[in-house]
Amino acid sequence: MKKLFVCALFLSFIFLFTSKTYAIGKLQQDLPFAVSEQTQVCILCHKNVTPGIVEDWKASRHSKITPEIAIKKPVLERRVSSEIIPADKSSVVVGCYECHSQNSHLHKDNFEHFGFQINVVVSPNDCKTCHAKEVEQYSGSKKAYALDNLRENHIYHKFVNAIPSIKEVRDNSLRYVNASENSKMVTCYVCHGSEVTVEGMKEIPSNFGSIKVPSLNNWPNQGVGRINPDGSRGACTSCHPRHSFSIEIARKPYTCSQCHIDQDVPAFEVYKESKHGNIFFSKQDTWNWNSVPWKVGRDFQAPTCATCHNSLLVNPEGKEIVSRTHDFGERLWVRLFGLIYSHPQPKSAKTYEINNKDGLPLPATYMNELAAEYLINEEAQLLRKNEMKKVCNGCHNTDWIIGYFEKLDSTIEETDTMVLNTTNLMKNMWDKGFADASNPFDELIEMLWVKEWFFYANSIRFASAMLGADRATFKNGWWQLTENFYKIHEYARKCGSEN
Amino acid sequence: MKKLFVCALFLSFIFLFTSKTYAIGKLQQDLPFAVSEQTQVCILCHKNVTPGIVEDWKASRHSKITPEIAIKKPVLERRVSSEIIPADKSSVVVGCYECHSQNSHLHKDNFEHFGFQINVVVSPNDCKTCHAKEVEQYSGSKKAYALDNLRENHIYHKFVNAIPSIKEVRDNSLRYVNASENSKMVTCYVCHGSEVTVEGMKEIPSNFGSIKVPSLNNWPNQGVGRINPDGSRGACTSCHPRHSFSIEIARKPYTCSQCHIDQDVPAFEVYKESKHGNIFFSKQDTWNWNSVPWKVGRDFQAPTCATCHNSLLVNPEGKEIVSRTHDFGERLWVRLFGLIYSHPQPKSAKTYEINNKDGLPLPATYMNELAAEYLINEEAQLLRKNEMKKVCNGCHNTDWIIGYFEKLDSTIEETDTMVLNTTNLMKNMWDKGFADASNPFDELIEMLWVKEWFFYANSIRFASAMLGADRATFKNGWWQLTENFYKIHEYARKCGSEN
Amino acid sequence: MKKLFVCALFLSFIFLFTSKTYAIGKLQQDLPFAVSEQTQVCILCHKNVTPGIVEDWKASRHSKITPEIAIKKPVLERRVSSEIIPADKSSVVVGCYECHSQNSHLHKDNFEHFGFQINVVVSPNDCKTCHAKEVEQYSGSKKAYALDNLRENHIYHKFVNAIPSIKEVRDNSLRYVNASENSKMVTCYVCHGSEVTVEGMKEIPSNFGSIKVPSLNNWPNQGVGRINPDGSRGACTSCHPRHSFSIEIARKPYTCSQCHIDQDVPAFEVYKESKHGNIFFSKQDTWNWNSVPWKVGRDFQAPTCATCHNSLLVNPEGKEIVSRTHDFGERLWVRLFGLIYSHPQPKSAKTYEINNKDGLPLPATYMNELAAEYLINEEAQLLRKNEMKKVCNGCHNTDWIIGYFEKLDSTIEETDTMVLNTTNLMKNMWDKGFADASNPFDELIEMLWVKEWFFYANSIRFASAMLGADRATFKNGWWQLTENFYKIHEYARKCGSEN
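Taken in order, these protein sequences are the chains called H, D and B. For reference, each letter of the first sequence is one residue, going 1 to 499 in my numbering. For reference, each letter of the second sequence is one residue, going 1001 to 1499 in my numbering. For reference, each letter of the third sequence is one residue, going 2001 to 2499 in my numbering.
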């Protein structure tokens, strides 16, 4: 501790009387607006300790504009959605200290760091200072509850514990214990987020000798449903990665692709095979990725994930087509992602609260009776569908869109029927004791059944929704749906459990 | 109807006396050559209704040049291959009306649209006005018959109906009915094309109240073998997507990748893993994608699909290496794509007319006796191979090419042998009644057999042809070919049906 | 022969008195420094014969700088690592002749070509003239021994011969002969390299009539472990492809992806799904790919394969973070790539020399007892791990890195346990005669066992190491590890061979 203090003192001394003035002058010179004194000090060390993120920030919009200027832009051009910005943050650029020092009383990860009170984790609640609407929308979305929707749902919880766990055969029988926290941290929680908790302080080595930092559990993590040490939910950096917080990156499909990828949610693969993807990959370098609002046809000529699902779009003359949303389900009426069937979008973001007729926290029973009271009604579906159609209309005429959605509706129905037919076979095996329903995810035949709805039916639906044909056909498509069904049938036949 | 009329009248009024003059003036200002009056009117509405495609067109070459100028370019630089352009289309840029109004007498999808007679679908027969040679080449190619080659071939027809169809188990036995049209529309027909037919008119909502448009079946669709409402075959937009009709996009492998993708035709995956792909992905942004003719080494440093299979190539001094072709099989001697064996390219684009020794419409019998009279002879193969070698010679010396083709020949032979060995096992099962040959695609064991030639042997051949090693080895390669063979063998052994 | 001579004479004549002076003048005009006379003559023909590689070279650094200038750069900026450059190569740019004429006495592929003594293959030993350190590092690395490590290891040798070989069923039993050389050339040897040998001369056609060239076996090939006709090992062109020899291409992940790809080494797939990949794919076009040394944060904002594994990195102020290495294992402590278990990096590049407690050339026994004397000790591991941590520190703080490595360590342990549990099942089957251990790779059940460690455990480890969650979960992840384990268990249960 004393050593650390001496170090810090020495450091301060050096900084104050020699390089500091020059270095800060240099930094300030590179940037058009004032950098807070605290941020200047952060950078003095961190440009050596973690130069990559300092440079990333210097190339970002955050380093080049102050909130008081940003807030004065015309409404559609504004990236700052809060109506009022606190005075102390208003006239300096958004630097290290501005973000890492906020709401310290809420942050269990707050600690004294070379004279400053710093939060390790910047949370949506901190970003809210300037981006209030986005955080509000996000906080009520399924993404914000991605972790709880796994672990508070006793069905999915079984899944999470069964899959990434060590299996062994002992005394001729197959056994496993629940998956370890570390195993979940590199599988499910990468996307769903972890609960980051603080357990006292620990010493770590640094360039200036050993220093004390908060000891975080379930860290590092950037999953969309992360529960932060201040109690807030989400990680803006999932899509606006550090420390550029780029809108460009968030608008490109590579970002979404980190999680929306096969086998279970092959959105990116389907996109890659679609005409939209074809045009994006061919022409992206000529598009305007940073323009706000985003002009259809002018700034880009084919949609990315963000275009359809969340961006504020205007026509080339600046007239709004759809407004920005950070609730990524807001333009979606049906949930293609089968659990185990596709279903209308849930009303509440907390899907673990669903209680279907069989008493299970699933949007439909195993026999596909919808838990309708937990799902949006037809009117709400129509409203959302119309919102999406406005996006389609950016390039496609109405009849085209009608024809396209007809096919999607047909795909949904047919794949759900296939899932029902498969589940009938599975149910017979459970009923007749050829499989054990107490955990529906931990036997070989059950895994085949899961693949039918989780991998193949999903893939076909996404493929139909975004027209990537192969994913509906030979790659986790009807081919695999069929082959797997045959396998399940053969297994059932051998058990003598067929209907 | 009356409402519509009033709307249109009102619209015309507004247009004529207020915004029209200004808006048209603005449009014309942006473009170097005259825009036809009709196209100007199209754009007046559509810049609001479907702004994306209007902008896309405005950024395209079509909006920036007139046919009479385009046709005067030196021969190798010409993108227009017709010798004569009709006078009325000659001196205006190629706009909405120029394309959507052609040959209206042939178009069953022609309709009156705000005072104009418009075709919904622009077909190759329309593009032919300026691009005669390309359409002629394409119309005689296998691509143009991609739909008929599926549905007129009674073997493949069974395949198409079996795979994307709903299966169920009833009374202990597996049943299915033929795949629905919608199911085919989001699987096979996405690539192969659909037959777009017209069934009267229908009303759809629009910004100006309800309007009447032709009621199209099997629409939307951009498959390469689409049969259009004017009876022509193909969809130029498959590769030159709307409304930029870009040569750049067509030259990039993302375009071909929409259909030439694993499991059955993993051309793009192989390319991605090849040295050619490695260089393309690393350096594409510095290449000249719009240059005609395309200069080897100068405009690009590694080939894409188009380079080898269809582009007009010249050396840096402008001397022709190979001529442009829109018959994409023209530089191919062997068809790697096994049905069920690889084989010399078919003579006719209508492959459903093939009749092999077993009386089947397949290029070889199940025992790999070629239907030689339907396939090009050795001389023709040599001519085509030499054409391809000219492309290789752009960068590789002769001995390199010889060594490379030797390996490919060996791969073809070895994979065909594996398919024969597998088919022998399958044939025994059919002969002995352990499987039913009447439809060779609808039992589990048959699906394993299909995977052997359709997925794995194909993958290995493509991998050898374009040197993407993994696809010959561990990813749908010899590993899977072997593992699957072992499975078939085990199945056969259990049936007691082995040879 | 005579015909050839006349041709050559005629050619020389034409060149000398007409086009030569002009053409050479033109070439020289394009380039800032002197081109050797010999190279000028090479180009006179080859700009027509293989224009692509001539243009590629003209766009390369090799054509634009002389070694004597390159060697004078400040140390960290130097791309030339040799201390002395031979005088005759010093003041001309690095052209065709400069590379293809070196060390001709060592080159069995040296031949007389239109008056010049030319080597077909340029080897690392030739590149060493200017790039001594890189070649030295590479020559002692596992990559240089990639071929021998396959074929000199009797276990892996069985694998190589079993997989890409033709199988057949005769007299009710499954048979195969060893894989053909051609089959290996399009599978294993594409990445591992081939042994290029010379077998006299052969005649090939050329633009100037038939010419004689060395007859090479196992050619073409650019595998990393290629054994060249001069006895040297490796192919610099694997990563710096011809004839740009670009550092940009080598730094991009597409290069590594040719071989480090699923199923067995899914490094590129994991990268694509990681946040690093997300940023790379979104922002790569704005990065400085040719800067030496490579400035963290300034030149790039997310790492590629090269960044972490071999590049010389400096901070934005030019201070070295890690030095360049062409031994790609130098910053690696553990070998995630399980054979059959993960293990500390081997001491020697010749891994076939390992001899474990069971007498097998594997880094661990089947029961995971490490062959410790052949593997680096804990101290050496720590040194290497610290080297890698320096790279991480470019952007991540120390505690982040600690948390991240803890998870990786846990993944390694858990996946190795799963492999052990699977191998126990396999071993029982071998012991009880349900499978034949003499070749552990050529039965169906053995292939399932191999998939467990070769495909799935590897995928999970790479996914944990670079945080591409899907590859640890649903795509060759814990899902497949589990499903496959269940299958092996079921097979074992049926055999009655369980433990």
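By construction, the Cβ of each residue, glycine as well, lies at the ideal position given by its N, Cα and C atoms. These numbers were taken from a predicted model, which means no experiment stands behind them.
Own chain, CB closer than 6 Å to residue i, minus 5 neighbours either side, in chain order
i	result
residue 1298/D	1316
residue 96/H	39, 42
residue 1425/D	1488, 1492
Residue i at chain H interface by Cβ criterion, 8 Å
i	result
residue 2463/B	yes
residue 1182/D	yes
residue 1252/D	yes
residue 2301/B	yes
residue 1086/D	no
residue 2405/B	no
residue 1030/D	no
residue 2491/B	no
residue 1039/D	no
residue 1258/D	yes
Simplified DSSP state of residue i, which is helix, strand or coil
i	result
residue 300/H	strand
residue 209/H	strand
residue 1015/D	Caution is warranted here: a pLDDT of 49 is assigned to residue 1015/D, below 50, making its placement in the model unreliable, and the coordinate value is therefore given only provisionally. The answer is helix: DSSP assigns residue 1015/D an H, G or I state.
residue 1119/D	strand
residue 2172/B	coil
residue 1057/D	helix
residue 2221/B	coil
residue 2377/B	coil
Residue i at chain B interface by Cβ criterion, 8 Å
i	result
residue 1400/D	yes
residue 1044/D	no
residue 1416/D	no
residue 219/H	yes
residue 262/H	yes
residue 15/H	For residue 15/H, the predicted structure reports a pLDDT of 49, less than 50, and the residue's modelled location is therefore unreliable. A value from the coordinates is still provided. So, not an interface residue.
residue 1282/D	yes
Residues of its chain near residue i, where Cβ-Cβ distance is below 7 Å and the 5 sequence neighbours each way are ignored
i	result
residue 2493/B	none
residue 184/H	160, 164
residue 2427/B	2366
residue 27/H	35, 40, 43
residue 1236/D	1124, 1127
Beta carbon proximity, residue i to chain D, threshold 8 Å
i	result
residue 2585/B	In the structure as shown, chain B begins at 2001 and stops at 2499. Residue 2585/B is therefore absent and cannot be evaluated.
residue 2117/B	no
residue 2483/B	no
Per-residue burial, residue i [other beta carbons within 10 Å of its own, 16 or more giving buried]
i	result
residue 422/H	buried
residue 260/H	buried
residue 2173/B	exposed
residue 382/H	exposed
residue 274/H	buried
Residue i beta carbon near the ligand HEM (any heavy atom closer than 7 Å)
i	result
residue 220/H	By its list of ligands, the structure shown contains no ligand whatsoever, and the ligand HEM lies outside what it can speak to.
Proximal residues to residue i (C-beta, below 8 Å), its chain only, five neighbours per side dropped
i	result
residue 116/H	38, 41, 42, 97, 101
Note to self: Taking 8 Å as the cut-off, does the stretch 1163-1173 of chain D touch the stretch 1363-1383 of chain D (at least 3 CB pairs, one atom from each stretch)?
What the structure shows: no
Checklist line | Inter-stretch contact (C-beta, 8 Å, three-pair minimum) for the stretch 1179-1196 of chain D and the stretch 466-476 of chain H | finding: yes
Notebook entry, point to check: How do the stretch 1237-1253 of chain D and the stretch 1283-1295 of chain D stand: do at least 3 beta-carbon pairs fall below 8 Å, yes or no?
Noted result: Using a C-beta cut-off of 8 Å, the stretch 1237-1253 of chain D makes contact with the stretch 1283-1295 of chain D, since at least three inter-stretch Cβ pairs fall below that distance.
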